[in-house]
Amino acid sequence: MMHFLLLFSRQGKLRLQKWFVPITEREKKKVIRDMMMLVLARQPRSCNFLQWRDLKIVYKRYASLYFCTGLDDRDNELLSLEVLHRYVELLDKYFGNVCELDIIFNFEKAYFILDEFLMGGEVQETSKVAVGESIEEADTLQETMEEYMSKPAY
């Protein structure tokens, strides 16, 4: 099971965080700081897997963003690398070649896509088509509600 998913830039700016286990805010800040220090200090051609405390750390760099997750010891690193890649594919499909600015200015959509894809640290939906359809439905509902709320009530 995933314990957390972090997205941060090469400059060490946290862009997105999702926690699947309950921990204190103080511990979260420490984990974030440690992950950034560990991952950003590594050479570009290094292995994408690390051992940290009692967790396996799997990370992947896409453009200027690092996608980093912490796993249980018994979890498969390659499968989690595929999960990270699938999330990037979903973001690419929605935003059209996603970049760091898309995550910054549309973080609620990035979280929504993540929530449609993962639940409780496990993959909820493997189909890109099914996730895409649910995102489209949510966007349509949001647009409908915005139109409805913008009309005066007589």
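Its first residue numbered -9, the sequence shown is counted upward by one per residue in the numbering used here. Each residue gets a CB set at the ideal place from its N, CA and C atoms; glycine is no exception. Bear in mind the structure is a predicted one, so any value in this text is a computation, not a measurement.
Legend entry - Burial state of Lys3 (16 or more Cβ within 10 Å): exposed
Inset, instruction - Give the DSSP bridge partners of Leu45, in chain order. - result: Per DSSP, the beta bridge partners of Leu45 are Trp42.
Inset, instruction - Note down, one range per segment and in chain order, each beta strand (DSSP E) of at least 3 residues found wholly within the segment 5 to 72. - result: 39 to 42, 45 to 52, 55 to 61
Inset, instruction - Along the alpha helix (DSSP H) that carries Met139, what are the first and last residues, could you check? - result: Looking at the DSSP string, the run of the alpha helix (DSSP H) that includes Met139 is 118 to 140.
Inset, instruction - Work out the CA separation of Lys118 and Thr59 for me, nearest whole Å. - result: 20 Å
Legend entry - Opposing strand residues paired with Met112 [DSSP bridges]: Rather than Met, the amino acid found at residue 112 in this sequence is Glu. Answer is Met109, bridged to Glu112.
Inset, instruction - Might you give, ordered along the chain, the residues of its own chain that have their beta carbon closer than 7 Å to the beta carbon of Ala100, omitting 5 neighbours on each side? - result: If we look at Ala100 and ignore the five residues flanking it on each side, its Cβ neighbours are Leu6, Leu81, Ile93.
Legend entry - Nearest-angstrom Cα separation, counted from Leu71 out to Glu112: Roughly 13 Å separates the two Cα atoms.
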